[in-house]
Amino acid sequence: MQTADTELFPAHLATVAARTSRALEEAGYDALVLHSGGLRMVDFDDYPYPFKAHAAFKLWAPLTDTPDCFIHFRPGERPVLLFNSPRDYWHKPAPLPAGSWTANFDLRPVATLEAARAQLPRQGRVAFIGDAEGFADWGFAAVNPRDLMLRLDYGRARKTPYEIGCLREANRLGARAHEAARQAFHAGESEYGIALAFMTAVSAREQELPYNPIVALNAGGAVLHYQVLERTPPPERLSLLIDAGVASAGYPSDITRTHACADADFAALVARMDDAQQALCAGVRAGVDWRDLHLTAHRLVAELLHDAGIITVDAEAAVDTGLSSVFLPHGLGHLLGLQVHDVGGTLASPEGGEIPRPEGHPYLRLTRVLEEGFVVTMEPGLYFIDSLLAAAKQNDRHARHIDWARIAQFAPYGGIRIEDNLAVTATGCENLTRDAFAALG
Ligand code: GLY
Ligand code: MN
Ligand code: MN
Numbered sequence: 300m301q302t303a304d305t306e307l308f309p310a311h312l313a314t315v316a317a318r319t320s321r322a323l324e325e326a327g328y329d330a331l332v333l334h335s336g337g338l339r340m341v342d343f344d345d346y347p348y349p350f351k352a353h354a355a356f357k358l359w360a361p362l363t364d365t366p367d368c369f370i371h372f373r374p375g376e377r378p379v380l381l382f383n384s385p386r387d388y389w390h391k392p393a394p395l396p397a398g399s400w401t402a403n404f405d406l407r408p409v410a411t412l413e414a415a416r417a418q419l420p421r422q423g424r425v426a427f428i429g430d431a432e433g434f435a436d437w438g439f440a441a442v443n444p445r446d447l448m449l450r451l452d453y454g455r456a457r458k459t460p461y462e463i464g465c466l467r468e469a470n471r472l473g474a475r476a477h478e479a480a481r482q483a484f485h486a487g488e489s490e491y492g493i494a495l496a497f498m499t500a501v502s503a504r505e506q507e508l509p510y511n512p513i514v515a516l517n518a519g520g521a522v523l524h525y526q527v528l529e530r531t532p533p534p535e536r537l538s539l540l541i542d543a544g545v546a547s548a549g550y551p552s553d554i555t556r557t558h559a560c561a562d563a564d565f566a567a568l569v570a571r572m573d574d575a576q577q578a579l580c581a582g583v584r585a586g587v588d589w590r591d592l593h594l595t596a597h598r599l600v601a602e603l604l605h606d607a608g609i610i611t612v613d614a615e616a617a618v619d620t621g622l623s624s625v626f627l628p629h630g631l632g633h634l635l636g637l638q639v640h641d642v643g644g645t646l647a648s649p650e651g652g653e654i655p656r657p658e659g660h661p662y663l664r665l666t667r668v669l670e671e672g673f674v675v676t677m678e679p680g681l682y683f684i685d686s687l688l689a690a691a692k693q694n695d696r697h698a699r700h701i702d703w704a705r706i707a708q709f710a711p712y713g714g715i716r717i718e719d720n721l722a723v724t725a726t727g728c729e730n731l732t733r734d735a736f737a738a739l740g
C-alpha cells in the first residue's frame, strides 16, 4: 500500500519544484504561496460545509483534511509548510504531520491566520494560489494569476511515478469497495445499502470519497450524475450502475461498473460494451489524439446499437447524423489527478489556448494528444434517457432509425457505463482498474 511515505515522494517534490520554478520565472514572479483552503461555515450557524483541500496545495503535500495551512516556495530554497495548529477546545486540532515526507519541508506549526501571515514572505513579487476570498489585502502581487496557473495546470497532466502510485492505490481501494457493492446489489440491498457497503469496505465516510457515489438501480442509470440514494429496494431488481471512487493521499479513483440481474438481453448488451471499452483501452498510448478515440467510441457504440436492433442505420451514418449522441451524450473520458476531472484537458500549450472539441461533442473534457504519464478515464456509455429520446422522436432525421419497441424493452434498465483509469505509457497503458480487480482474486 502506497502512502506519501515512499522513496518516490522526494523525486515527486523535486519535479513539482522544477516545474513551478520555470512557471514562476516565465510568468514573472519570485515566489509562490499556496493555501490549503478555508472552512466555509453554514450561514448563521457554527458548523462548516465538508472541507475539500485545494488541489494546487495537495500537489505539494498529502494533507487533505486541514484548512488554513500554507506552503511557501521560493525557487532554490526548501519549501516552508505552515501547518495550522490552533488552540481550539471546540474541535480536535490535527496533529503535526510526522511522516517521512515532511523531511522535505521546513515544517512550522502556526496557531492563527495572523501568525501565518507574519511568516509569509514579503520580498519580491509573490503570487498566491488558493481560494481567493480573504486574501486580497495580504499584499500578494497577484491572487490566482492566470498566466501562472495555466502553466501549472498544463504540467499537471503528466503524473510523476509517485502520483501514479497514489492513483494505483486509489484503484486498489476502489476495486475492493466496488466488489462489496456488487455483492450488496445481488443480496437485494437498496441504493443506500449499496453505498454503505461501498464505504464500509474501505472505512470511508461519504465526505472522504472523491465525489458522492452514483448508485443507480434500474432506470436511475439513465441519469448521468444520479444523486439520489433510495432507502428501499425497488420491487424488481434489474440493473445497477455504480460510479464511485476512493481517494488515497488526495488522489482519486473514478470507476464505473454496470451489473445486470437475470436478463439475458441486457446482460449481452453489458458484455458487448465491456468488449468495446477494452478495445478502446487497447488504443491508448502516447501520441494518440483523444478526440480520435472519442469518435471511435461513438462508432463502436453505434455498431453495438445496430447489432442489438436498437437503431436501424449503420454506425457511420449514426455518428455522422448525431444519432449516436442520443445514446452517448458525454465525453469518452478525462484527465484524472488531484481533481476527479483534472485541470488542463483542453489546453493547447502552457501559455493557454484551447484545443477545440469535435463539432457536435460539446462535453468532451480532454482534447489533447496523450503523453506518457497522463492518467485518463476510459468511460464509454450507452443510456436510455427519456428527454433525449423524446427529442429524437420529434426529429425527422432520427425517429425512423430507432426501433421504439427495443427502446421500451431496455428503458427500465437505465443505461450502461464502464469506466477504468489508465496510466499512459510510450507503447500502451497500464490499466490501474482492471489490474486492481484482478488482484482481488
Ligand atoms: N464520476 C464522474 C465521471 O465519471 O466523470
Ligand atoms: Mn465516474
Ligand atoms: Mn469519469
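In terms of the working numbering, the sequence shown opens at residue 300 and continues consecutively. Idealized CB from N, CA, C, for every residue including glycine.
- When Pro-628, Arg-667 and His-558 are compared, the shortest CA-CA separation from Leu-646 is found for Arg-667.
- Under DSSP, Asn-383 forms a beta bridge with Val-409.
- Any heavy atom of ligand 3 counts here; residues with a Cβ closer than 6 Å to one of them, in chain order, are Asp-553, His-633, Thr-676, Glu-678 and Glu-718.
- DSSP places Glu-653 within a strand segment (E or B) once states are collapsed to three.
- When only Cα atoms are considered, Asn-443 and Ala-355 end up about 11 Å apart.
- For Ile-715, the distance from the CB to the nearest heavy atom of ligand 2 is not below 8 Å.
- By the neighbour-count definition (other C-beta atoms within 10 Å, threshold 16), Phe-343 is an exposed residue.
- Note that the C-beta distance between Ala-585 and Glu-462 is not below 9 Å.
- Ala-310 has its alpha-carbon roughly 16 Å from the corresponding atom of Gly-398.
- Between the alpha carbons of Thr-363 and Arg-445 lies a distance of about 24 Å.
- Boundaries of the alpha helix (DSSP H) around Val-600: 589 to 606.
- Residue side-chain check: Gly-544 places its Cβ nearer than 8 Å to a non-hydrogen atom of ligand 1.
- Annotation for Gly-714: the continuous beta strand (DSSP E) segment containing it runs 714 to 716.
- Per DSSP, Ala-563 is one residue of the alpha helix (DSSP H) stretching across 563 to 581.
- Taken from the Cβ of Ile-610, every heavy atom of ligand 2 lies 8 Å or farther away.
- A residue is called buried when at least 16 other Cβ atoms come within 10 angstroms of its Cβ; Glu-615 does not meet this threshold and is exposed.
- Every alpha helix (DSSP H) of 4 residues or more that sits fully in the stretch 456 to 495 is shown, in chain order, as 460 to 485.
- For Ala-690, the enclosing alpha helix (DSSP H) has its first and last residue at 685 to 692.
- In the three-state reduction of the DSSP assignment, Asn-443 falls in the coil class.
- Between Asp-702 and Gly-582, the C-beta spacing is not below 9 Å.
- By the criterion of a C-beta distance shorter than 6 Å, Ala-326 is surrounded in its chain by Asp-446 and Leu-447, once the five residues flanking it on both sides are discounted.
- At a cut-off of 8 Å, the beta-carbon of Ile-654 does not count as near ligand 1: no heavy atom of the ligand is closer than that.
- Contact check for His-640 and Gly-680: beta-carbon distance about 16 Å, past the 8 Å limit, so the pair fails to qualify.
- The nearest non-hydrogen atom of ligand 2 is less than 8 Å from the C-beta of Ile-513.
- It is roughly 43 Å from the alpha-carbon of Pro-408 to the alpha-carbon of Leu-663.
- Apart from the 5 residues on each side of it in sequence, Pro-385 sits with its Cβ closer than 6 Å to the Cβ of Pro-392 and Ala-410 in its chain, given in chain order.
- Comparing alpha carbon positions, the residue from Phe-439, Glu-729, Leu-307 and His-700 closest to Thr-611 is His-700.
- Secondary structure note for Leu-540: its beta strand (DSSP E) is the uninterrupted segment 538 to 543.
- Secondary structure at Thr-365: coil, using DSSP grouped into helix, strand and coil.
- Taking each of Arg-705, Asp-452, Val-723 and Pro-378 in turn and checking the Cα distance to Leu-419, the smallest one comes out for Pro-378.
- About 6 Å separates the beta carbon of Val-675 from that of Leu-634, a gap short enough to meet the 8 Å contact definition.
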